[in-house]
Amino acid sequence: MNNITLSDLSQFTGTETWYRHFTGLLYTDGIQYLAEQAEAYWLIDAIASYQHQLKRDEYLAYFQVWVLSVAGEGERKYPFLLPEDGYKAVLTCWPDTPKEGVKSAVIQQIEYTDFPLIELKLYVSDDVLMLPSEY
27 MNNITLSDLS
37 QFTGTETWYR
47 HFTGLLYTDG
57 IQYLAEQAEA
67 YWLIDAIASY
77 QHQLKRDEYL
87 AYFQVWVLSV
97 AGEGERKYPF
107 LLPEDGYKAV
117 LTCWPDTPKE
127 GVKSAVIQQI
137 EYTDFPLIEL
147 KLYVSDDVLM
157 LPSEY
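Residue numbers (my numbering): 27 to 161.
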């Protein structure tokens, strides 16, 4: 696994190639780079696995904010999103910017990960998974 930074990911501002997950979810060059460099195809799988369910929710059918929060020390934009004891990360989905005190649509605790970033935000917009800089 290569060490990546949020700065590395912010260089993606569009996509030249569309990738298709076997569930039909499309994703961008930035997501492909993230999956390759961080060995995180599991993250695409996790997000894709919820799409059928979320498409039935009027607030999540067209736009979703996903946040992966990994246990450890570091600066966080969403310090209230932490994995439970015994877990290494938590993946959550929101209809808009996460807010403390508001329940997320999805909460998936992750037992193990060596994901290199302490926190990551992704978007799904009209069935396309992308980095925020690609939106």
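Glycine included, C-beta positions come from ideal geometry on N, C-alpha and C. Every value quoted in this text rests on a predicted model; they were computed, and no experiment measured them.
Next on the checklist: Excluding the 5 residues flanking THR43 on each side, which residues of the same chain have their C-beta closer than 7 Å to its C-beta?
Outcome noted: ASP55
Item to check | Reference SER36, options TYR59, TYR45 and THR49, closest by Cα | outcome: TYR59
Next on the checklist: Are there any heavy atoms of the ligand ADP lying less than 6 Å away from the beta-carbon of ASP34, as far as the coordinates show?
Outcome noted: The ligand ADP is not part of this structure, which contains no ligands at all.
Item to check | Spatial distance of ALA115 from ILE136 (CA atoms) | outcome: 5 Å
Checklist entry - If you draw a straight line from the C-alpha of THR118 to the C-alpha of ASP152, how long is it? => result 18 Å
Item to check | Sub-7 Å separation of TYR85 and PRO124 beta-carbons | outcome: no
Item to check | Contacting residues, own chain, Cβ-Cβ under 6 Å from ILE57 (five flanking each side not counted) | outcome: LEU155
Next on the checklist: DSSP three-state label for ILE144, please.
Outcome noted: coil
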